[in-house]
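Worksheet: one structure, shown below.
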Amino acid sequence: MKRTLQPQLVQNWTLAGMKPMHRALVRRTVQSLFVKANVAFSLLWHVEEFSHWETMLRPGVLILDRESMLDAIAVPPPNSPSAKEITKEVANRSINQIRLLWSWTLQGKKDFLWCTELSFAGVIHDIPSLERWSRACLGKAKQVEVPGNSILAGIQLPTLSPCTF
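Each step along the sequence shown adds one to the number in my numbering, with nothing skipped, and position 163 is 234.
So this is what it looks like as structure tokens:
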């Protein structure tokens with residue numbers, strides 16, 4: 072990706088606080104559906120720990136691990152906004168981002184009742200829910216335009232002139 076000077080449409084997928092095995096499962100599922108969908112944009116993956124609230128502001132898709140989110144809300148860092156302020160800010164930003172809670176447990180369906188208050192669209196708790204949400208997000212999530220590769224823009228190729236001896 073970003074091998075041209077032309078701007079490209081991308082769909083951001085942020086995987087926050089997830090174990091490597093779960094990240095691989097999500098990426099493989101989304102990539103296989105993406106190939107079949109034949110869409111006119113690219114996927115851009117972000118893997119982060121859920122220690123920054125900036126992940127909640129990136130347009131596209133955010134899949135957030137349940138334990139990481141509960142830890143972040145339970146013990147806010149010093150000088151951080153209150154839980155009410157965070158909830159209000161998260162709700163205001165929800166129009167640009169589809170947020171999904173990763174709750175890979177037998178009780179995962181029950182998390183939907185409380186995560187909707189934080190403007191999550193749903194819960195991924197098993198393979199069928201992962202496939203359904205991946206398909207829905209590929210079709211509905213916002214795409215953003217990113218500029219072409221800035222390194223390529225700065226490269227000047229030498230011009231060849233005829234050799235005169």
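Glycine included, C-beta positions come from ideal geometry on N, C-alpha and C. In this text the structure is predicted, and so the values were computed from the model without any measurement.
So, residue i versus residue j, is the Cβ gap smaller than 9 Å?
i           : j           : result
residue 135 : residue 177 : no
residue 208 : residue 132 : yes
residue 182 : residue 174 : yes
residue 115 : residue 102 : no
residue 87  : residue 120 : yes
residue 130 : residue 167 : yes
residue 179 : residue 137 : yes
residue 139 : residue 89  : yes
Any idea what DSSP makes of residue i, helix, strand or coil?
i           : result
residue 93  : helix
residue 230 : coil
residue 111 : coil
residue 131 : strand
residue 177 : coil
residue 266 : Summary: the structure shown does not reach residue 266, with the chain confined to residues 72 through 236, and so no result is reported for it.
residue 72  : The pLDDT assigned to residue 72 is 47, lower than 50, so where the model puts this residue is not dependable, and the model offers no usable value.
residue 212 : coil
On the premise that residue j lies in contact with residue i, defined as a C-beta separation below 8 Å, what is that separation, rounded to the nearest angstrom?
i           : j           : result
residue 202 : residue 100 : 6 Å
residue 81  : residue 217 : 5 Å
residue 193 : residue 204 : 6 Å
residue 107 : residue 169 : Actually they are not in contact, since the Cβ atoms of residue 107 and residue 169 sit about 20 Å apart, beyond 8 Å.
residue 214 : residue 105 : Actually they do not touch by this definition, with Cβ atoms about 12 Å apart.
Could you pull the DSSP bridge partners for residue i from this structure?
i           : result
residue 193 : 171
residue 87  : 119, 135
residue 217 : 79
Check whether the Cβ of residue i lies closer than 9 Å to any Cβ atom in chain D.
i           : result
residue 214 : The structure shown has no chain D; it contains just one protein chain.
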